[in-house]
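Here is the structure we will look at, set down as structure tokens.
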Amino acid sequence: MPLAASAREEIIAFVAEIDVAADGVLSVVETIRVRAEGDLIRRGIYRDFPLRMEDASGRLRDVGFDVSSVTRDGADEPFRVEESSGIARVYIGDADSMVPPGIHTYEIRYETDRQIRYFDTHDEVYWNVTGNGWLFPILSASAEVSLPSGATIEDLAVFTGRYGETGSAATSQQLADNRAVFATTEVLQPQEGLTIAVKISKGAIAAPRSAQERAWFWRDNAGSILAVIFLILIGAYYLWAWNRVGRDPPAGVVVPRWDPPENASPAMVNYIANRGLSGGGFTAIAAAILNLAVKGFVTLRDLDGDLIVTRTEQRDDGRLPVGERAVLVGLGEPGSFLPMNRANGPAVQSLSRKFVSAIESEHRGKFYRHNWPHAAGGIALTVLGLLTILLFGGMNQEAIVALVMASIPGIILASVMVRMGKAFRSSRSLAQRILSIIVLGFIASTALTIGSGLVGALFFTEFNGFLVGAIVAIFLLNGVFFFLMGAPTAIGARMQDGIAGLKQYLTLAEAERMNMQGAPTMSPRHFETLLPYAVALGVEKPWSQAFERWLATAAGAAAASQAVPYWFSGRDFSPGSFADSIGDVGHDISRSLSAAIPPAKSSSSGFSGGGGFSGGGGGGGGGGGW
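Numbering (full-length UniProt numbering), first residue to last: 1 to 626.
Given below as structure tokens:
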């Protein structure tokens, strides 16, 4: 005997009673009669309710939703409400008990506010009765709307079908001046719903007072308001702190000079010019090693691309700068050598650490102050602001995720700005500085646009571009002032002026250099003496090219035999390629060091020009079984 076909799960009847109070609050009773077969409806049903609605001006606003009671077959039924993605989901039933198969009647009572749409000539209840998200067919759906005493219904409209459709499989009837009923005439399939619109005489329902509007405005925009407040506070704090400790001393007059200020070593020149050891300190170490070679303490050999540093018999008489002394001690006794390759990485890394430690311990805070405590104050304000937004910004889980996602491009942008700031600070020319500003502005605007758009695309139901933009801007402020907060000391500013003069001299055209009063004549010795400084300042190429041009002169030709440095071997030198050969030595040292160290909706009225549709207005949602 064949098995009887099991009945399908469905909503037999969906009845809504909507009572509109004089203050605009809707009291709703939904009676939902379902057939449960243990398929989707096992423990009970759930009902989804949107927490945002588009008002008459097209703006999204938060609406209230408060469930007072739920019953099943006349008896109280347990329920819980969970909010996610702008939806309140009411789970009805007990997770530890199953609903018996059969027909059951659920009754949900709740209140919701901000559902009245106020137009110039009328007011309106535009209500999605069933929602368009049900997983079951609805055999019949009906709604009764009761307005407060004195209100007059001016028109009725009804729509059925999927979201956005304007089906007419329903009837509407006005029972009294302030009462109307609506009912479907066909079965609503899954994802179809019933939406109604009631046009009300203007003024019958009190418009919200100013105090209420302010409270609602805060409820809608608490997160954005707090974000802007903290953006202003953080910006004001950073401006105050920068004005107090971050302003650079007045710039002095930069005059080309051919000697380092106050006999500073090449490593110190690099340290002061970059306001610290940038890029792992490799350029500073390269300049120090090259200076040791020029002084005769070490020799350099290029062996098939590997640079070998060998200590000579010359000993330190106590006058070596601290960084160069650390390198010399790190190389070992006279005759010791150090191949700078990856196989010898640990030894190279140890030498690098000793050099950096020596430079930092002697010069930290002397020429430049980072002013970390003042920067930390801004970071603390940022953390406080984010916590305040999370706790008091009226944010649900989705908005919190959006906040975190907005922080990611903000952090990335801040770190990029720090790097760009360092590049800007050490730019070699006005053109490079201008380019840095243009690139930095492009990165900032792109990050704000793409970051906000990305978060909006991922979390569109609760997306608030203003909030996201403010948060990204907060991180942007931190990035900008992390760079700006540091400032040179008085002696540091004086040294920077002198270093700028030295750099200017190293990059001058030969004619300009010759016209300088008292300037030394170009010679192999003069070139070698300043080569480590050129490496430290990143201008070894122009300095080497100047020397090459001098070699092409009669005086230079006579001294050409002395031009090839005794401290370097393993590479052929010729007058025509001297700049390329010797100019690359500093770069080769830095590169070898680096290589050796392993890498660590609808806003119109429901009655105007086809503005209404199924799924429009307040209410809505849908439901299913669980």
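By construction, the Cβ of each residue, glycine as well, lies at the ideal position given by its N, Cα and C atoms.
Asp39 sits close to Glu9, with the two beta carbons spaced by under 8 Å.
A residue is called buried once 16 or more other Cβ atoms fall within 10 Å of its Cβ, and Phe49 is buried on that count.
The beta-carbon separation of Val67 and Ile108, rounded to 7 Å, stays under the 8 Å limit for a contact. Taking C-beta atoms as the reference points, Pro321 and Ala287 fail to come closer than 8 Å. If you ignore the 5 residues before and after Gly93, its C-beta comes within less than 8 Å of the C-beta of Arg43, Gly44, Ile45, Arg72, Glu77, Pro78, Phe79, Val99, Trp626, all in its own chain and listed in chain order. Counting along the chain, Pro339 sits inside the beta strand (DSSP E) bounded by residues 337-340. The shortest C-alpha to C-alpha distance from Ile308 to any of Gly64, Asp120, Val269, Val348 is the one to Val348. With a 10 Å radius around the Cβ and a threshold of 16 neighbouring Cβ atoms, Glu192 comes out buried.
According to the DSSP assignment, Ser544 belongs to the alpha helix (DSSP H) that extends over 540-551.
If you draw a straight line from the Cα of Gly538 to the Cα of Pro256, it comes to about 17 Å.
Within 10 angstroms of the beta-carbon of Trp218 lie fewer than 16 other beta-carbons, which makes it exposed. Relative to the Cα of Leu531, the nearest Cα in the group Asn221, Trp258, Ile18, Ala222 belongs to Trp258.
Burial check for Thr283: the Cβ neighbour count within 10 Å reaches 16 or more, so the residue is buried. Rounded to whole angstroms, Lys199 and His122 show a C-alpha spacing of 7 Å. Gly621 places its beta carbon less than 8 Å from that of Gly133.
By the CB criterion at 8 Å, Ile116 and Val129 fall outside the cutoff. With respect to the 8 Å criterion, Ile234 and Gly469 are not classified as neighbours on the basis of their beta carbons. Under a 10 Å Cβ-count criterion, Pro520 is classified as exposed, with fewer than 16 other Cβ atoms of the shown protein chains found around its own Cβ. About 6 Å separates the beta carbon of Leu328 from that of Phe297, a gap short enough to meet the 8 Å contact definition.
The beta carbon of Ala88 lies closer than 7 Å to those of Phe49, Leu51, Phe65, Val81 in the same chain, with the five residues before and after it left out.
Met495 has its alpha-carbon roughly 8 Å from the corresponding atom of Glu262. Residue pairing by DSSP places Gln174 opposite Ala180 in a beta bridge. Pairing Val158 with Gly393, the inter-Cα distance amounts to about 37 Å. The criterion of a C-beta distance shorter than 8 Å is satisfied by Thr171 and Thr185. A distance of 8 Å or more separates the beta carbons of Ala273 and Ile491.
Val253 counts as exposed, since fewer than 16 other C-beta atoms from the protein chains shown sit within 10 angstroms of its C-beta. Listed in chain order, the non-local C-beta contacts of Ile225 below 6 Å within the same chain number zero, local neighbours out to five positions each way being set aside. Around the beta carbon of Asp220, 16 or more other beta carbons sit within 10 angstroms, so the residue counts as buried.
Assigned with DSSP and collapsed to three states, Ile41 falls in coil, not helix or strand.
Taking every protein chain shown into account, the CB of Tyr566 has fewer than 16 other CB atoms within 10 angstroms, so this residue is exposed. Sixteen is the threshold: since fewer than 16 other Cβ atoms of the shown chains lie within 10 Å of the Cβ of Ile232, the residue is exposed. Using a Cβ distance threshold of 8 Å, Pro190 and Leu135 count as a contacting pair.
In the three-state scheme derived from DSSP, where H, G and I count as helix and E and B as strand, Leu506 is classed as helix.
Bounds of any alpha helix (DSSP H) do not take in Met485, whose DSSP letter is neither H nor E. Ile32 is not a Cβ neighbour of Leu26, given a cutoff of 8 Å. Cα atoms of Gly102 and Ala36: separation of roughly 5 Å, rounded to the nearest angstrom.
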